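Chemist:
Residue numbers (UniProt numbering): 1 to 997.
What follows is the structure, encoded as structure tokens:
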């Protein structure tokens with residue numbers, strides 16, 4: 001769609017801006033650079049003097065910029081200064097009231113309607129519906145869970161089977177026995193709201209209706225804001241506990257499928273203090289407190305007994321790790337498991353597969369931690385994990401791999417001097433180029449330092465456990481007491497008008513500095529354009545202000561190269577945070593993908609599938625059982641780690657839409673209801689076209705990965721195969737990547753199918769290429785594939801017939817032991833010089849890229865199997881890397897019955913060597929590397945595709961800025977020819993592929 005022509009006013013401005021200055025009237029006056037400098041300087045010093053004046057005199061400008069809160073009570077107003085004291089006035093006599101141990105510590109607790117707490121627990125099975133007993137055993141005993149029986153850990157000593165997400169119930173139980181509880185809200189230092197937020201969310205976490213997920217939270221906000229206790233401080237003195245991570249309560253969209261509810265985004269709740277087991281570093285109304293452990297002592301004596309035990313514990317292991325792997329080979333957990341498994345001084349408690357059951361047994365977990373000096377604590381499903389506090393409880397020194405796992409979270413309960421009680425080894429040092437040894441790092445700590453750290457850890461135990469909720473005689477300060485004291489202090493500061501801890505107000509001098517920096521940056525920029533831009537530079541600054549365009553790059557884009565070369569210039573990509581229904585939820589419902597294949601197994605490891613043992617015909621490592629249709633997951637994972645990913649859409653050169661279109665299409669492929677097939681694509685279009693990022697260029701800078709052949713998304717009417725995603729005008733504006741493009745409709749671009757090799761370093765790639773060069777190829781040609789139903793005269797039938805009759809050809813087809821074995825397939829492909837690639841279920845097939853990975857020269861029988869498809873990744877001159885034998889020559893009606901073997905034997909040996917070398921050279925461009933890889937400099941298939949998209953968007957942007965539409969795709973018979981044009985070529989004429997397309 002062509003952009004609308006500029007209005008006459010803008011056109012006139014544009015003409016004037018390009019006028020050389022001749023003529024005396026009617027033109028647009030162009031201020032000189034000195035004028036811009038003078039204007040900027042005036043504005044800057046006006047702000048400086050205004051702010052400075054406001055500091056001394058309380059000026060109006062400062063009042064606007066630094067408006068105090070309605071709750072502020074200026075500290076100086078609380079004091080009266082008598083500058084002329086009378087010597088006759090006697091000093092006041094000090095008061096002597098009785099000491100109140102609860103002074104300043106009173107808590108008022110709402111008696112909430114039972115629907116907000118106890119009623120939620122009645123249907124405890126619904127709180128975790130995927131488990132047979134739900135949460136029933138865990139909400140017992142005031143949230144402490146069922147008592148443990150027998151062995152070293154029993155209820156008589158304070159041990160319970162406590163779940164990590166029952167903290168709101170535990171807090172409520174402890175608050176019932178709080179010694180300074182009051183029934184007078186006016187006397188209270190703070191107000192507690194006993195709402196079971198985590199339990200409410202747990203029962204609705206996977207509900208498909210967002211209104212249901214938000215219902216009780218919204219009900220609570222309405223109930224609170226009508227209370228007189230609320231109106232006193234508009235909730236700024238209220239606090240509550242939601243015993244899950246902050247991310248479970250921060251849904252931003254009103255969409256049905258997005259994760260969690262919006263409890264913490266409700267305006268009323270924002271005023272309150274939320275106590276969570278993991279807080280947001282960017283929101284000051286969150287406080288993080290320890291996860292609950294299995295130990296709930298009721299007396300200081302019980303604590304002391306336990307501390308003595310862990311102090312005397314024998315620790316035969318230097319370090320230990322209890323946990324399971326996470327997706328990907330290059331993750332910190334994968335490296336921890338590897339290093340621990342290779343070490344003779346590490347205890348690995350593997351919470352995966354057959355060993356997973358033991359991880360749910362409190363006694364087994366605690367014995368592992370008690371037996372080690374150091375306990376490794378990588379991030380869990382989020383930045384933090386419960387295991388941190390289980391380890392501290394066991395007297396085991398925690399080892400963190402990211403400061404966000406504890407240091408920036410539990411500032412109320414853990415010392416600020418992190419080195420006194422823990423070790424930090426940055427995850428990037430372990431998984432990155434430094435390849436730091438965890439064992440060597442820990443051995444480098446002196447025994448004396450280790451003893452001091454363990455003493456400090458053991459000393460911390462009382463403040464990280466929650467006392468027995470049933471006891472009214474708790475005589476030590478536990479995690480509950482620490483949190484309540486912090487809330488009371490926080491509310492007191494709010495009453496005094498002081499800012500919250502993390503939400504401090506920057507002093508005015510910071511604002512002056514910021515304004516100054518901005519001013520001088522603009523001055524330097526203008527000066528730079530004056531001295532470097534020549535004659536044309538005189539309009540550079542004016543163009544920023546006087547030539548607005550929806551397609552213009554912002555000023556900061558021009559400034560971003562100041563201070564050195566910008567590697568991301570022209571390469572920045574913004575990625576949408578789509579509602580989960582467009583991606584994550586589709587993977588969650590993976591069982592619906594196929595009736596015959598376990599797709600859930602293939603969707604692991606960010607779409608790479610389960611890892612396979614290396615060796616044999618496969619690379620030594622980085623090998624996976626990768627399905628051909630998992631490309632959307634692979635691109636999404638890569639984009640998360642793309643070096644030029646930006647969170648600023650206005651600064652992006654392209655916009656990525658992580659929609660799992662292939663998953664959606666496959667799940668609905670066999671449905672007769674066309675509305676069901678098209679439902680999610682239509683929702684995506686509606687969602688996108690409402691976004692400001694879309695409106696900037698009408699989607700022309702957007703791209704997405706469909707990850708299946710185009711025919712699955714190109715249903716043209718009320719009948720036919722697939723859905724209609726690629727027929728929608730909005731989607732046709734974008735760039736769509738498919739594993740097979742449409743040669744006759746200019747709507748998408750082909751990218752390679754994923755193979756089984758996903759290297760993590762340049763060395764792995766070079767090693768594999770060298771191995772393929774040295775490979776002994778005892779067969780002239782090979783074919784891996786099964787026949788198609790129908791006449792034996794099909795191309796596949798003829799290929800199998802010729803191969804079976806030849807002593808120089810090897811073949812296997814539908815045998816499950818072969819065809820479903822990646823190692824067997826690679827062994828076949830690596831043993832041949834040429835690999836025959838007829839069309840698959842459609843024009844293309846994954847085997848093309850498996851054969852190239854094996855260094856086998858592909859032989860195509862139709863140009864749409866590769867030549868008109870993968871123009872970004874494969875050379876335009878197909879003779880350099882492949883052989884073309886028309887399918888009509890092999891199995892045509894003309895009776896040619898050409899011999900494949902004779903055609904291949906006629907190729908000179910020197911040319912075969914050149915072709916094989918070109919195939920091996922192309923291997924990096926057709927593989928998808930591991931997203932976590934940090935030792936890679938080669939451009940893989942992802943890099944090639946993204947660079948091509950960026951180039952296409954840049955051309956579209958330049959054309960739009962010139963008032964025209966950039967056209968590089970065409971509908972019609974000759975569409976495929978445009979993809980084969982060389983740079984600068986514009987004329988379409990006869991082509992050698994005309995007979996086939």
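C-beta: ideal position from N, C-alpha, C; glycine also. Every value quoted in this text rests on a predicted model; they were computed, and no experiment measured them.
State the DSSP-derived secondary structure class of residue 1036, mapped to helix, strand or coil.
Modeler: Residue 1036 lies beyond the residue range present for the chain, which begins at 1 and ends at 997; the question has no answer from this structure.
Chemist: Under 7 Å Cβ to Cβ from residue 340, same chain only, skipping five residues before and after it: list those, please.
Modeler: The residue you call residue 340 lines up with position 340 of the chain shown. Once the five neighbours on either side are set aside, the close Cβ partners of residue 340 are 321, 346 and 348.
Chemist: May I ask you to report which of helix, strand or coil DSSP gives residue 878?
Modeler: Position 878 of the chain shown holds residue 878. Here residue 878 sits in helix by DSSP.
Chemist: Counting only runs of 3+ residues fully inside the segment 223-286, write out the beta strand (DSSP E) ranges in chain order.
Modeler: Counting only runs of 3 or more, we get 238-241 and 273-276.
Chemist: Measuring CB atoms only, is the segment 602-611 touching the segment 902-921, in the sense that at least three cross pairs come out at less than 8 Å?
Modeler: Segments in contact, no.
Chemist: Please list, in chain order, all residues of the same chain as residue 883 whose beta carbon is under 6 Å from its beta carbon, the five residues on each side excluded.
Modeler: Start at 1 with the first residue of the chain shown, and residue 883 comes out as number 883. Closer than 6 Å at Cβ, skipping near neighbours: 859.
Chemist: Note down, in chain order, each residue of its chain lying with its Cβ closer than 7 Å to the Cβ of residue 430, except the 5 sequence neighbours on either side.
Modeler: Your numbering for residue 430 matches position 430 in the chain shown. Within the same chain, residue 430 has close Cβ partners 332, 335, 401, 436 and 438.
Chemist: Note down, in chain order, each residue of its chain lying with its Cβ closer than 6 Å to the Cβ of residue 203, except the 5 sequence neighbours on either side.
Modeler: The residue labelled residue 203 in the question sits at position 203 within the chain shown. Hits under 6 Å: 126 and 127.
Chemist: Say whether chain D places a C-beta atom closer than 9 Å to the C-beta of residue 341.
Modeler: You won't find chain D in this structure, because it holds only one protein chain.
Chemist: Taking the straight line between their C-alpha atoms, what separation do you get for residue 425 and residue 180?
Modeler: Here residue 425 refers to the residue found at position 425 when the chain shown is read from its first residue. Here residue 180 refers to the residue found at position 180 when the chain shown is read from its first residue. Spanning the two alpha carbons is a distance of roughly 42 Å.
Chemist: With respect to the alpha helix (DSSP H) encompassing residue 388, which residues constitute its N-terminal and C-terminal limits?
Modeler: Position 388 of the chain shown, counted from the start, is the residue given in the question as residue 388. It spans 387-393 - the alpha helix (DSSP H) in which residue 388 sits, taken as one unbroken run.
Chemist: By a C-beta neighbour count over all protein chains shown, 10 Å radius and 16 as the cutoff for buried, is residue 748 buried or exposed?
Modeler: Translated into positions along the chain shown, residue 748 becomes position 748. So residue 748 counts as buried.
Chemist: Any idea if residue 897 is buried or exposed, counting beta-carbon neighbours within 10 angstroms, 16 or more meaning buried?
Modeler: Residue numbering aside, residue 897 sits at position 897 when the chain shown is read from its first letter. Per the 10 Å Cβ criterion, exposed.
Chemist: Three Cβ pairs or more, each shorter than 8 Å: is that satisfied between the segment 756-772 and the segment 909-925?
Modeler: Result yes; three or more Cβ-Cβ pairs closer than 8 Å.
Chemist: Could you tell me which residues DSSP pairs with residue 323 in its beta bridges?
Modeler: For the purposes of this step, residue 323 is taken as residue 323 along the chain shown, with counting starting at 1. Bridge partners of residue 323: 350.
Chemist: When the Cβ atoms of the segment 774-789 are set against those of the segment 868-875, are three or more pairs found closer than 8 Å?
Modeler: Counting Cβ pairs under 8 Å, fewer than three are found: no touch.
Chemist: Mind reading off the beta-carbon distance from residue 399 to residue 423? Whole number of angstroms is fine, and I expect it under 8 Å.
Modeler: Here residue 399 refers to the residue found at position 399 of the chain shown. Here residue 423 refers to the residue found at position 423 of the chain shown. About 5 Å; that satisfies the 8 Å criterion.
Chemist: Is it the case that the Cβ atoms of residue 182 and residue 108 are separated by a distance below 9 Å?
Modeler: For this step, residue 182 is matched to residue 182 along the chain shown. For this step, residue 108 is matched to residue 108 along the chain shown. It is a contact, given that the beta carbons lie within the stated cut-off.
Chemist: Nearest-angstrom Cα distance between residue 68 and residue 233?
Modeler: Working through the chain shown from its first residue, we reach residue 68 at position 68. Working through the chain shown from its first residue, we reach residue 233 at position 233. Interpretation of residue 68 is limited by its pLDDT of 37, a score under 50 that renders its predicted location unreliable; the figure taken from the coordinates is listed afterwards. Their backbone Cα atoms lie some 15 Å apart in a straight line.
Chemist: Tell me which residues share the same chain as residue 994 and place their Cβ nearer than 7 Å to its Cβ, disregarding the 5 neighbours each side in the sequence.
Modeler: Position 994 of the chain shown, counting from 1, holds the residue named residue 994. Contacts found: none.
Chemist: Going straight from the alpha carbon of residue 173 to that of residue 470, what length do you get?
Modeler: Residue 173 sits at position 173 when you count from the first residue of the chain shown. Residue 470 sits at position 470 when you count from the first residue of the chain shown. Spanning the two alpha carbons is a distance of roughly 7 Å.
Chemist: Enumerated in chain order, which unbroken segments of the beta strand (DSSP E) with a length of 3 residues or greater are wholly contained in the segment 711-796?
Modeler: Fully enclosed beta strand (DSSP E) runs of 3 or longer: 735-738, 748-750 and 779-784.
Chemist: To the nearest angstrom, report how far apart residue 121 and residue 201 are at their CA atoms.
Modeler: What you label residue 121 is simply residue 121 of the chain shown in a count that begins at 1. What you label residue 201 is simply residue 201 of the chain shown in a count that begins at 1. Cα to Cα, the separation comes out at about 12 Å.
Chemist: With respect to the alpha helix (DSSP H) encompassing residue 999, which residues constitute its N-terminal and C-terminal limits?
Modeler: There is no way to answer for residue 999, as the model of the chain reaches only from 1 to 997.
Chemist: Within its chain, find whatever has a CB closer than 8 Å to the CB of residue 573; leave out the 5 residues flanking it on each side and keep chain order.
Modeler: Within the chain shown, numbered from 1, the residue matching residue 573 stands at position 573. Within the same chain, residue 573 has close Cβ partners 639, 642, 644, 645, 646, 652, 653, 654, 655, 656, 946 and 950.
Chemist: For residue 198, collect the residues of the same chain with a Cβ closer than 6 Å to its Cβ; drop the 5 residues on either side in sequence, then sort them by chain order.
Modeler: Indexing the chain shown from 1 puts residue 198 at position 198. 165, 168, 242, 243 and 244, listed in sequence order.
Chemist: Comparing alpha-carbon positions, which option in 141, 483, 278 and 443 lies nearest residue 405?
Modeler: Locating residue 405 in the chain shown gives position 405, where the first residue counts as 1. Taking only the C-alpha atoms, the option nearest residue 405 is 278.
Chemist: Report the start-end ranges of each beta strand (DSSP E) in the segment 834-864 that is 3 residues or longer and not cut off at the edges.
Modeler: Correct list: 857-860.
Chemist: By Cβ distance, which residues of its chain are closer than 8 Å to residue 467, with the 5 residues on each side in sequence left out?
Modeler: What you label residue 467 is simply residue 467 of the chain shown in a count that begins at 1. Closer than 8 Å at Cβ, skipping near neighbours: 174, 296, 297, 298, 474, 476, 478 and 480.
Chemist: Do residue 658 and residue 704 have their beta-carbon atoms positioned less than 9 Å apart in this structure?
Modeler: Within the chain shown, residue 704 is the residue found at index 704, counting from 1. Within the chain shown, residue 658 is the residue found at index 658, counting from 1. Against a cut-off of 9 Å, the Cβ pair of residue 658 and residue 704 comes out as a contact.
Chemist: Once you ignore the five residues that flank residue 732 on each side, which residues in its own chain have a CB closer than 6 Å to its CB?
Modeler: Translated into positions along the chain shown, residue 732 becomes position 732. Answer for residue 732: 747, listed in chain order.
Chemist: Helix, strand or coil: how does DSSP classify residue 611 here?
Modeler: Within the chain shown, residue 611 is the residue found at index 611, counting from 1. In the structure shown, residue 611 sits in a strand (DSSP, three-state: E or B).
Chemist: For a minimum of 4 consecutive residues, which ranges assigned as the alpha helix (DSSP H) are wholly contained in the segment 655-720?
Modeler: Listed in chain order, they are 661-668, 674-689 and 692-695.
Chemist: Checking 9 Å against the spacing of the C-beta atoms, do residue 700 and residue 365 come in under that value?
Modeler: For the purposes of this step, residue 700 is taken as residue 700 along the chain shown, with counting starting at 1. For the purposes of this step, residue 365 is taken as residue 365 along the chain shown, with counting starting at 1. No.
Chemist: Roughly how many angstroms separate the alpha carbons of residue 253 and residue 463, rounded to a whole number?
Modeler: Indexing the chain shown from 1 puts residue 253 at position 253. Indexing the chain shown from 1 puts residue 463 at position 463. Their backbone Cα atoms lie some 38 Å apart in a straight line.
Chemist: Return the CA-CA distance between residue 114 and residue 316, expressed in angstroms with no decimal places.
Modeler: As a first step, residue 114 must be located in the chain shown, where it is residue number 114. As a first step, residue 316 must be located in the chain shown, where it is residue number 316. Each residue's Cα considered, the two are about 50 Å apart.
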